[in-house]
Structure formats: structure tokens, C-alpha cells
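See below for the structure under consideration.
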Amino acid sequence: MMTASSPASAPQAGSASTSATPSDTATPPQRAITPSLWRRMACWLYEGMLMFGVVFIAGYLFGTLSQTRNAMDNRHALQAFLFVVFGIYFTWFWAKGQTLAQKTWLIRVVDKSGRPITQLRALLRYVLSWVWFLPPLAAYLFGVPVLEVLVLLGGWVAIWAILSRFHPERQFWHDALAGTRLVHFELPKK
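When you read off a place in the sequence shown, starting at 1, and then add 22, the result is the number in the working numbering.
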């Protein structure tokens, strides 16, 4: 695992606090290390597992509020509701620096200058990140069988991930378009 020791993140003599919160520190762009593709994809898969909890709670809330007895009765409204809930979840946590999965994998979302991103930039990143899913979703809408859509999803995700190798900083292209970066960070030493 590659790490960078940053003198900028070391506590300054005479400073009031020796531990910094993630949103208080910026990762200087020249010292920021892009996490490996494997680590970013592992984080992505872990994020997907954690999203099951978000989907369960949001689905329960939607079903209760809409008095839906059968999920298929209101499925388009549920999908729109989940899109909004996911947007709120990711926008909130990315503006704070990272989601739980990213914190576990020591990955942070920052802007190009290494500072925490704004909520507007986080929202832009969320919308652009749907490029991971749009082609398979479009195929499903045009009647492609579910098994073929899943194969298409796996292939598209692999292609999209590999395309990051062509970015000068090896960032995902939706990050480049949103003006964000995924960087490795280290926990403060106690």
C-alpha cells in the first residue's frame, strides 16, 4: 500500500488541537495519491452492500407513507424515491469528505485543489456517476432480458473502470467531469 507522509497534515507547534477532522484538512494535489483501481472497486462493491440498508429503510418508509401493499404497484414512484434518497445520501456524505465505505477503505473525495467538495459539486458527481448504470438501464427499458442486462452491467462496469487508466491521474471519468478526485488518506496517528 502506497502512502504519502505530508508535512502539511502534521500538527503545528502551538496549535490548539493535535487531531484534525477530515473536513478541516485538505490533501495537497501534488502529494495526493490516487487509490489503486482494485481498492476503488472494492470500496465500490462494499458501498453497494451498505446501500442495501439504505434501500431497506427507504423502501419501508416509502411503503408506509404511500400505503403500498405490493411493491410492483408503485414501482416507478419507488424507483424515483430511491434515486432521490441515494442522491441525498451521497451528496451529504461526499460533501463531508467520504461515505462509510470510503472511510473504511481510507478514500476521500476532494476537489482538484484537495479541499472538501461543496454540496453542489457532490450533487454533480452523483448525477455523473450514473454513467456506470445508464447503458444497462437503457437496455432494460428497451426490453433486453434481465440476464443479458446483468452481463451488460458487468461488462460496462469493467470497461468504465478500465477507462480510468487513460486519465492522467487515473481518476474515474465522472470524477474528472465533476472536478473531483478520489485520494488516499491516512488516519491521524495517536
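We treat Cβ as the ideally placed atom computed from N, Cα and C, and that holds for glycine.
Pick from the options: whose alpha carbon is nearest that of residue i?
| i | options | result |
| --- | --- | --- |
| LEU209 | TRP178, LEU128 and MET63 | LEU128 |
| ASP55 | LEU83, ARG130 and ALA99 | This sequence places Ile at residue 55; Asp is not what is there. Nearest option by C-alpha distance: ARG130. |
| ALA200 | LEU67, ASN96, LEU59 and LYS134 | LYS134 |
| TYR148 | THR202, TYR68 and CYS65 | THR202 |
| GLY176 | PRO157, PHE188 and GLN193 | PRO157 |
| VAL132 | ILE181, LYS211 and PRO57 | PRO57 |
| MET63 | GLY75, LEU204 and LYS211 | LEU204 |
| THR126 | CYS65, TRP182, PRO190 and MET71 | CYS65 |
Can you list, in chain order, the residues of its chain with a C-beta nearer than 6 Å to that of residue i? Leave out the 5 residues immediately preceding and following it.
| i | result |
| --- | --- |
| TYR162 | VAL171 |
| ARG192 | THR56 and SER186 |
| ILE110 | none |
Does residue i pass the burial test, meaning 16 or more other C-beta atoms within 10 Å, or should it be called exposed?
| i | result |
| --- | --- |
| PHE112 | buried |
| ALA144 | buried |
| VAL106 | exposed |
| SER27 | Below a pLDDT of 50, predicted positions are generally treated as unreliable, and SER27, at 40, falls in that range; the measurement from the model is reported next regardless. So SER27 ends up on the exposed side. |
| HIS196 | buried |
| SER186 | buried |
| ALA102 | exposed |
| HIS206 | buried |
| GLY119 | buried |
| SER88 | exposed |
| PHE188 | exposed |
Would you give the residue range spanned by the beta strand (DSSP E) that residue i belongs to?
| i | result |
| --- | --- |
| HIS98 | Careful: HIS98 lies outside any beta strand (DSSP E), inside the alpha helix (DSSP H) at 97-118. |
| VAL205 | 202-206 |
Using DSSP with H/G/I as helix, E/B as strand and the rest coil, what is residue i?
| i | result |
| --- | --- |
| ARG130 | strand |
| THR43 | The predicted position of THR43 is uncertain, since its pLDDT is 47 and thus under 50; no value can be drawn from it. |
| PRO138 | strand |
| PRO157 | helix |
| PHE122 | Here the sequence assigns Leu to residue 122, which means Phe is not the residue at that position. Note: LEU122 maps to helix in three-state DSSP. |
| LYS212 | coil |
| HIS189 | coil |
| ARG143 | helix |
| ALA198 | helix |
What first and last residue would you give for the alpha helix (DSSP H) that runs through residue i?
| i | result |
| --- | --- |
| LEU172 | 168-185 |
| MET63 | 59-88 |
Within a Cβ cutoff of 8 Å, which residues of the same chain sit near residue i, ignoring the five residues on either side of it in sequence?
| i | result |
| --- | --- |
| VAL179 | TRP154 |
So, for residue i: in the same chain, excluding its five sequence neighbours on each side, which residues have a beta-carbon less than 7 Å away from its beta-carbon?
| i | result |
| --- | --- |
| GLU69 | THR121 and ALA123 |
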